[in-house]
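Undergrad:
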Amino acid sequence: MTEDRTTDGQTLPVTVTVVTDPALAPTIAEVAAITFPLACPPNSDPANVSAFIEANLRSPNFVRHIDNPTSDVLVARRGDGPVIGYALVHHGEPADDDVRTAVTERPVSEVSKMYVLPDHHAYGRADPPSHALMSGALDAARGHGSVLAWLGVNEENERAQRFYVKMGFVRAGTKTFSLNGSIEHDLILVHRLTH
Numbered sequence: 351m352t353e354d355r356t357t358d359g360q361t362l363p364v365t366v367t368v369v370t371d372p373a374l375a376p377t378i379a380e381v382a383a384i385t386f387p388l389a390c391p392p393n394s395d396p397a398n399v400s401a402f403i404e405a406n407l408r409s410p411n412f413v414r415h416i417d418n419p420t421s422d423v424l425v426a427r428r429g430d431g432p433v434i435g436y437a438l439v440h441h442g443e444p445a446d447d448d449v450r451t452a453v454t455e456r457p458v459s460e461v462s463k464m465y466v467l468p469d470h471h472a473y474g475r476a477d478p479p480s481h482a483l484m485s486g487a488l489d490a491a492r493g494h495g496s497v498l499a500w501l502g503v504n505e506e507n508e509r510a511q512r513f514y515v516k517m518g519f520v521r522a523g524t525k526t527f528s529l530n531g532s533i534e535h536d537l538i539l540v541h542r543l544t545h
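Here the sequence shown stands for residues 351 to 545, numbered as in our numbering.
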């Protein structure tokens, strides 16, 4: 029996919570280090991917996000098991000029990061962790009064694009993303929020 199933073999439900305890930051950083490379284009230089993780996805970064009242860090678990995914949501004015041009309504929230460990991607149609995590991220945006949520996704990451469309996102524009100095091209997707 695996840790994400009950004694009778049933899959435990996904729970998504907003992190308030900075002590969880090292665990989230571990998940981030495993999952971020999976979303990078296949031609990405591994040194650039590693440098981005070192600069942006370490424990101190997540402590700052957890302590920041304009950001939410969410984690997904099956039951009370280990963290199997996380999301990072920023609430406020986009810093990127291309995003400000494409996303014109305010207030807005950015789903900056949302990743699930690869062993937890394929749970069939019932209760996928990625759906629960995105629903939690959108709820966090609503909770901050946002009328839109937006995100950037690499133009080559078709799997993620299909997931975001399934979750109600639509294309609004394009932007660039610096992966340790290597310029990547992202689509800007938006999701209209109802309260």
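A virtual CB, placed ideally from N, CA and C, is assigned to each residue, including glycine.
Buried or exposed for H535, please, with buried defined as at least 16 other CB atoms from any protein chain shown within 10 angstroms of its CB.
TA: Here residue 535 is taken as the residue at index 185 of the sequence shown, counted from 1. Exposed, by the Cβ-count rule.
Undergrad: Confirm, please, whether the CB-CB distance from A375 to I403 is below 9 angstroms.
TA: By one-based count along the sequence shown, residue 403 stands at place 53. By one-based count along the sequence shown, residue 375 stands at place 25. Contact flag unset, no.
Undergrad: Answer with buried or exposed for V515, where buried requires no fewer than 16 other C-beta atoms within 10 angstroms of its C-beta.
TA: Start at 1 with the first residue of the sequence shown, and residue 515 comes out as number 165. Flag for V515 reads exposed.
Undergrad: Using only the alpha-carbon positions, how far apart do D448 and L483 sit?
TA: As a position in the sequence shown, residue 448 is number 98, starting the count at 1. As a position in the sequence shown, residue 483 is number 133, starting the count at 1. Looking at the two C-alpha atoms, the distance is approximately 26 angstroms.
Undergrad: Compute the distance between the beta-carbons of V458 and V497, then report whether it is under 9 angstroms.
TA: Position 108 of the sequence shown, counting from 1, holds the residue named residue 458. Position 147 of the sequence shown, counting from 1, holds the residue named residue 497. Yes.
Undergrad: Closest Cβ-Cβ distance between V497 and chain B: below 9 angstroms?
TA: As a matter of chain content, chain B is missing from the structure shown, which is built from one protein chain.
Undergrad: Three-state secondary structure (DSSP) at G495?
TA: Counted from its first residue, the sequence shown places residue 495 at position 145. It is coil, neither helix nor strand.
Undergrad: Does the Cβ of A373 have 16 or more other Cβ atoms within 10 Å, making it buried, or fewer, making it exposed?
TA: Locating residue 373 in the sequence shown gives position 23, counting from the first residue. Exposed: under 16 other Cβ atoms inside 10 Å.
Undergrad: Under 9 angstroms, do L529 and C390 count as touching if we go by C-beta distance?
TA: Position 179 of the sequence shown, counting from 1, holds the residue named residue 529. Position 40 of the sequence shown, counting from 1, holds the residue named residue 390. It is a contact, given that the beta carbons lie within the stated cut-off.
Undergrad: With S421 as the anchor, note down where its beta strand (DSSP E) starts and where it stops.
TA: On the sequence shown, position 71 is the one that residue 421 refers to. It spans 421–428 - the beta strand (DSSP E) in which S421 sits, taken as one unbroken run.
Undergrad: Rounded to whole angstroms, what's the CA-CA distance from T377 to P444? Just pull it up for me.
TA: The sequence position of residue 377 within the sequence shown is 27, counting from 1. The sequence position of residue 444 within the sequence shown is 94, counting from 1. Distance between the alpha carbons of T377 and P444: 28 angstroms.
Undergrad: If you scan the stretch 378–423 from start to end, which runs of the alpha helix (DSSP H) of 4 or more residues do you find wholly inside it?
TA: Counting only runs of 4 or more, we get 396–406, 409–417.
Undergrad: Tell me the residue span of the beta strand (DSSP E) that contains F527.
TA: Within the sequence shown, numbered from 1, the residue matching residue 527 stands at position 177. Element bounds for F527: 520–529.
Undergrad: In three-state DSSP terms, what is T451?
TA: If you number the sequence shown from 1, residue 451 lands on position 101. Residue state, collapsed to three classes: helix.
Undergrad: Looking at the structure shown, is E508 part of a helix, part of a strand, or coil, going by DSSP?
TA: Here residue 508 corresponds to residue number 158 of the sequence shown, with the count starting at 1. Helix, per DSSP.
Undergrad: Less than 8 angstroms between the CB atoms is what I'm expecting for A503 and A522, so what's the real figure, rounded?
TA: Sequence index remark: in the sequence shown, residue 503 carries index 153 (1-based). Sequence index remark: in the sequence shown, residue 522 carries index 172 (1-based). Checking the sequence, you will find Val at residue 503 rather than Ala. V503 to A522, Cβ: 12 angstroms. No contact.
Undergrad: Output yes or no for whether 9 angstroms exceeds the beta carbon distance between N406 and S532.
TA: Within the sequence shown, residue 406 is the residue found at index 56, counting from 1. Within the sequence shown, residue 532 is the residue found at index 182, counting from 1. The answer is no: Cβ separation not under 9 angstroms.
Undergrad: For V520, collect the residues of the same chain with a Cβ closer than 8 angstroms to its Cβ; drop the 5 residues on either side in sequence, then sort them by chain order.
TA: Position 170 of the sequence shown, counted from the start, is the residue given in the question as residue 520. For V520, where only same-chain residues beyond five positions count, the Cβ hits under 8 angstroms are L539, V540, H541.
Undergrad: With distances taken from CA atoms, which of S480, N507, A401 is nearest P363?
TA: Residue numbering aside, residue 363 sits at position 13 when the sequence shown is read from its first letter. The residue with the shortest Cα to Cα distance from P363 is S480.
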